[in-house]
Amino acid sequence: MTRRLLLSYLSLAALVLLGLEIPLGFVYSRGERERVVNSAKDEAESVSAYTALSLATGRAELDLPGRVAHCAERIGGKVVVVDATGAPLATSHPLSAEASRALAGRPGIVAALRGTSTVDVRTSTIGGVEYLSVAAPVLRGGEARGAVWLTVPTRTVHERVHRVWLLLGAGGLGVLMAIALVGFGIARWTGRPIRELERATHELAEGGRADPVTVTVTKGPPEVRSLAAAFNRTSARLAQLLDSQHAFAGEASHQLKTPLAALRLRLENLEPNVSDPGRASLTAAVTETDRLSRMVEGLLAMARLEENAATPGPVDVGEVCAERHRTWSPLFRQQGVSLVLFAGSVGPVLALPGAVEQILDNLLSNALRASPSDSTVTIELRLHVPARRALRDARPCWVDLHVTDEGPGMTADQRARAFDRFWRAPGAPKGGTGLGLALVQRLAHGSGGEASLHAAATGGLDAVIRLPSAEPPTGGQTVGKPGVRRREAPALPA
2 MTRRLLLSYL SLAALVLLGL EIPLGFVYSR GERERVVNSA KDEAESVSAY TALSLATGRA
62 ELDLPGRVAH CAERIGGKVV VVDATGAPLA TSHPLSAEAS RALAGRPGIV AALRGTSTVD
122 VRTSTIGGVE YLSVAAPVLR GGEARGAVWL TVPTRTVHER VHRVWLLLGA GGLGVLMAIA
182 LVGFGIARWT GRPIRELERA THELAEGGRA DPVTVTVTKG PPEVRSLAAA FNRTSARLAQ
242 LLDSQHAFAG EASHQLKTPL AALRLRLENL EPNVSDPGRA SLTAAVTETD RLSRMVEGLL
302 AMARLEENAA TPGPVDVGEV CAERHRTWSP LFRQQGVSLV LFAGSVGPVL ALPGAVEQIL
362 DNLLSNALRA SPSDSTVTIE LRLHVPARRA LRDARPCWVD LHVTDEGPGM TADQRARAFD
422 RFWRAPGAPK GGTGLGLALV QRLAHGSGGE ASLHAAATGG LDAVIRLPSA EPPTGGQTVG
482 KPGVRRREAP ALPA
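Heads up: the sequence shown begins at 2 in my numbering, then just goes up one per residue.
Structure (structure tokens):
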């Protein structure tokens, strides 16, 4: 913002300076040109009058050479006086025979011999005089008896005009530098509270709370101070609401755990006293109690996830998958389901602490409940590298974690709603809470990735968790494309 404000100040100042200095330079150039031209015309008329007087008294040959030489010395130029035929009467400098004959054909002298004064001025681009000549008639009795032609050196005038333009340019640069210094201070003063607001906004977006922005009487414009005060009120209100929400979820979940445990214990104690017809209802009550307990645990996990805004860090996803495979394999074997791991060299990923473990636990739990006996659940890691158009392409690499089952699967509409809280698919196995996939999605988003569900080629469900890779792939690394089954390492049998 500081650069934009400074650029706007300098642009406006430059436009104002150009609008003032360019006309001023041309006005000065025109005035200097008129002054030189008027001075040359006065000299030519003076010599013309003196020549007319000398011709009238018959002393032209005696008096004119000295007068012409004196005039040429005074103006630093050249003066030539010719008679009515164009022949030179007096010159301030030697002329060759050819130059003398050419005098009668010069346009200025021809016009002067006809009784008309002429001025020939040639100017440069910036208005400086490059060439100046003046011709004046010598009149006697209303008739032209001769002509005076003088040329004035214009180097001094040209240099003076150039000097003025340089002074105007240097002055403009000095003004721009002064405006840059003052504008930089004003821009910093104006942008300081906005930068603090930006910093606080980023903190609020990342962690759900931010330190109050300092608001003083002299810091920033009044509008920005008012905005900072409104932001502080909004941030404090949002932090209060988040604290209340976290406290309510945590306290409610903790308060529910104890009576649920007591309820389950009482139901188990009733089992010896329940007749056979009522055992089915007792089993259903115990099952619902377990489901409610798992729901409370899920709420606690989501509350902790929302409260602890951790920063994603490198996680060895291959090692985590192998560890969870070893942990879940005995339970899968008890249910008659095979759990297979396909893990290759995909490198570490960026994820929240403990996020990959929780994601795998929820996905494997769902896959186990949906998988029939003698089916297979696979865990597979694939490295996804986008096509790079340039050598320094900064687009990130991704690691896709697939958990695929051979269960009944879901329709497209069901897959679209599967990540909603407390939503369960029609006909889903008993015991689910509807919070597992919602927690998986929150963990994936918190890690900078995404979660999605796809129809598996085996007829079941393919849960895909895409996480950002923590390091670029090596040159000799084999890359798998999403959606293509590829064994990257020997499978670990269930």
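Backbone N, C-alpha and C fix where the C-beta goes; we use that ideal spot for every residue, glycine too.
**Request:** Buried or exposed for ARG1, please, with buried defined as at least 16 other CB atoms from any protein chain shown within 10 angstroms of its CB.
**Result:** Because the chain is modelled from 2 through 495, residue 1 falls outside the range shown and cannot be assessed.
**Prompt:** Can you list, in chain order, the stretches of the alpha helix (DSSP H) that have 4 or more residues and sit fully within the segment 162 to 205?
**Reply:** none
**Request:** Between the Cα of PRO315 and those of ARG418, SER9, SER470, spot the shortest distance and give me the residue it belongs to.
**Result:** What you label residue 315 is simply residue 314 of the sequence shown in a count that begins at 1. Considering only alpha carbons, the answer is SER470.
**Request:** Within 10 angstroms of the Cβ of GLY20, are there 16 or more other Cβ atoms? Answer buried if so, exposed if not.
**Result:** For this step, residue 20 is matched to residue 19 along the sequence shown. By the neighbour-count rule (16 or more Cβ atoms within 10 Å), GLY20 is not buried but exposed.
**Message:** Let me make sure I understand the geometry here. Which of VAL318, PRO95, ARG102 has the alpha-carbon closest to that of ALA88?
**Reply:** Walking along the sequence shown from the start, residue 88 turns up at place 87. Per the Cα distances, ARG102.
**Message:** Closest to LEU261 by C-alpha separation, out of ASP401, ARG161, SER294, would be which residue?
**Reply:** For the purposes of this step, residue 261 is taken as residue 260 along the sequence shown, with counting starting at 1. It is SER294 whose Cα lies nearest to the Cα of LEU261.
**Asked** Between which two residues does the alpha helix (DSSP H) harbouring ARG36 extend?
**Response** Within the sequence shown, the letter at position 35 stands for residue 36. Taken as a continuous stretch (DSSP letters only), the alpha helix (DSSP H) holding ARG36 covers 3 to 58.
**Message:** On the DSSP letters alone, give me the boundaries of the beta strand (DSSP E) that GLU407 sits inside.
**Reply:** Translated into the one-based positions of the sequence shown, residue 407 becomes position 406. GLU407 -> no beta strand (DSSP E), and no H or E assigned at all.
**Prompt:** Bridge partners of GLU472, per DSSP?
**Reply:** Position 471 of the sequence shown, counted from the first residue, corresponds to residue 472. Partner(s): none; GLU472 has no beta bridge.
**Message:** Using C-beta distances below 7 Å, list every residue in its chain close to LEU8, excluding the 5 sequence neighbours before and after it, in chain order.
**Reply:** Taking the first residue of the sequence shown as 1, we reach residue 8 at position 7. Contacts found: none.
**Request:** Give me the Cα-Cα distance between THR1 and LEU205, rounded to the nearest whole angstrom.
**Result:** What is shown of the chain runs 2 to 495, which leaves residue 1 out entirely.
**Request:** Give the single residue among HIS71, VAL183, ALA61 whose Cα lies nearest to the Cα of VAL139.
**Result:** Within the sequence shown, residue 139 is the residue found at index 138, counting from 1. Among HIS71, VAL183, ALA61, the Cα nearest to that of VAL139 is on ALA61.
**Message:** Let me make sure I understand the geometry here. Which of ILE360, GLY461, ARG370 has the alpha-carbon closest to that of GLU451?
**Reply:** Counted from its first residue, the sequence shown places residue 451 at position 450. The candidate whose alpha carbon is nearest that of GLU451 is ILE360.
**Request:** Compute the beta-carbon to beta-carbon distance between ALA148 and ALA136, rounded to the nearest angstrom, for a pair I have assumed lies under 8 Å.
**Result:** Counting from 1 along the sequence shown, the entry for residue 148 is found at position 147. Counting from 1 along the sequence shown, the entry for residue 136 is found at position 135. Confirmed, Cβ separation roughly 6 Å.
**Message:** So, does the segment 37 to 52 touch the segment 72 to 82, judging by three or more C-beta pairs under 8 Å?
**Reply:** yes
**Request:** Would you mind sorting LEU392 into buried or exposed? The rule is 16 or more other CB atoms within 10 Å of its CB.
**Result:** Counted from its first residue, the sequence shown places residue 392 at position 391. For LEU392, the predicted model reports a pLDDT of 49, less than 50, meaning its position is unreliable; a value from the coordinates is still stated below. Burial call: exposed.
**Request:** Determine the DSSP secondary structure at PRO95, reduced to helix, strand or coil.
**Result:** Translated into positions along the sequence shown, residue 95 becomes position 94. PRO95: coil per DSSP, three-state reduction.
**Message:** Relative to the C-alpha of ARG334, which candidate in ASP317, PRO373, GLY345 has its C-alpha closest?
**Reply:** Sequence index remark: in the sequence shown, residue 334 carries index 333 (1-based). Out of ASP317, PRO373, GLY345, PRO373 has the C-alpha closest to the C-alpha of ARG334.
**Request:** Please state whether DSSP places ASP244 in a helix, a strand or coil.
**Result:** Position 243 of the sequence shown, counted from the start, is the residue given in the question as residue 244. Here ASP244 sits in helix by DSSP.
**Whether LEU369 touches VAL378 by CB criterion (8 Å)** = Residue numbering aside, residue 369 sits at position 368 when the sequence shown is read from its first letter. Residue numbering aside, residue 378 sits at position 377 when the sequence shown is read from its first letter. Yes, the Cβ-Cβ distance between LEU369 and VAL378 is below 8 Å.
**Item:** C-alpha gap between LEU382 and LEU342, whole angstroms
**Value:** Here the question's residue 382 lines up with position 381 in the sequence shown. Here the question's residue 342 lines up with position 341 in the sequence shown. Cα-Cα distance, rounded: 9 Å.
**Request:** Out of LEU353, GLU22, LEU283, ASP362, point me to the one whose CA is closest to ARG325's CA.
**Result:** In the sequence shown, counting from the first residue as 1, residue 325 sits at position 324. Comparing Cα-Cα distances from ARG325 to each of LEU353, GLU22, LEU283, ASP362, the minimum goes to ASP362.
**Message:** Is it buried or exposed, ARG234, if we count other Cβ atoms within 10 angstroms and call 16 or more buried?
**Reply:** Looking up residue 234 in the sequence shown gives position 233. By the neighbour-count rule (16 or more Cβ atoms within 10 Å), ARG234 is not buried but exposed.
**Message:** I need the straight-line Cα distance from ALA187 to GLY175, nearest angstrom please.
**Reply:** Sequence index remark: in the sequence shown, residue 187 carries index 186 (1-based). Sequence index remark: in the sequence shown, residue 175 carries index 174 (1-based). It should be noted that the sequence gives Ile, not Ala, for residue 187. One C-alpha to the other measures close to 18 Å.
**Prompt:** Can LEU462 and GLY408 be called in contact, C-beta distance under 8 Å?
**Reply:** Numbered from 1 along the sequence shown, position 461 holds the residue referred to as residue 462. Numbered from 1 along the sequence shown, position 407 holds the residue referred to as residue 408. Contact flag set, yes.
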